[in-house]
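Residue numbers (this note's numbering): 37 to 313. Just so it is clear, CB atoms sit at the ideal spot from N, CA and C, and this is done for glycine as well. Encoded as structure tokens, the structure appears first; notes follow it.
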DNA sequence: ATGGTGGCACCGCCA
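Here it is as structure tokens:
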């Protein structure tokens, strides 16, 4: 490794209740030891977040935007934050974003600032018609605000966006493109808007740098499947975007497919990236 | 064959 860079591992995972699945978070930590873990759907108020357990495991820096019962995002980190912020969307009080600023110290160069945004985009309900389904209208409104924000670019030299974005943009991101064209998460209005925001903002689809289309790549499989592994009807709903300055920085990307088979699993699996900054 | 499962909360809602 270049001694003038620092290696950093970042995980993103929709955990579907951080309290119920704290043992799985601990398992992820024991096996992969990410420097930073971005969680979505923590489903608990900040006061109930398992802060002390995670601090004992070395994640002493924790930024929370939780709420009771629904949504909720968190960033836990071995590295300190110089600041954090939570953005509101659509005039609602949903906890769907937390952002942090990390100072990454290189041994022989000036410190560099890395911004990480952790997002939980609305799922959007079942009916892909905003006139009939206000949850889908909310999702489209959320994307419109994301376009104004992230579509305008990173705003920072070194920036990463991760999270459950609840859209599978490419044909290779779903088990059947044709069967899912009318299914919320893969409708043309969603996939086209998603890719328009990403490309207009100059964001790199980091996962697809490592597993290019048309190879299938999934991060989510329904709880309703009788046998998730055999049928493997998955979707890539979780994403890692990076600003242009990070184009050459990523060294690895792993989708922990096996995590879908862990005891009492989340329906999403962790995605882990390693980069040098 | 048009279901199914899972979490949280409170006895329905959301995913």
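For residue 311, the secondary structure class from DSSP, reduced to helix, strand or coil, is strand.
For the pair of segments examined, the stretch 154 to 170 was found to touch the stretch 108 to 118: the number of CB pairs separated by less than 8 Å reaches three.
Between residue 106 and the set 173, 98, 241 and 130, the nearest pair of CA atoms involves 130. Rounded to whole angstroms, the gap between the alpha carbons of residue 103 and residue 227 is 28 Å.
Annotation: residue 285 to residue 246 spans about 12 Å, alpha carbon to alpha carbon.
The C-beta distance from residue 277 to residue 196 rounds to 7 Å, short enough to fall under 8 Å. Counting the other Cβ atoms within 10 Å of the Cβ of residue 162 gives fewer than 16, which makes it exposed. Under the Cβ criterion (8 Å, minimum of three pairs), the stretch 267 to 283 counts as touching the stretch 210 to 217. Per DSSP, the continuous beta strand (DSSP E) segment holding residue 289 begins and ends at 286 to 291.
Rounded to the nearest whole angstrom, the C-alpha separation of residue 183 and residue 62 is 35 Å. A direct Cα-Cα distance of roughly 45 Å separates residue 262 from residue 140. For residue 45, the uninterrupted beta strand (DSSP E) run begins and ends at 43 to 50, by DSSP. According to the DSSP assignment, residue 125 belongs to no alpha helix (DSSP H), since it is labelled neither H nor E.
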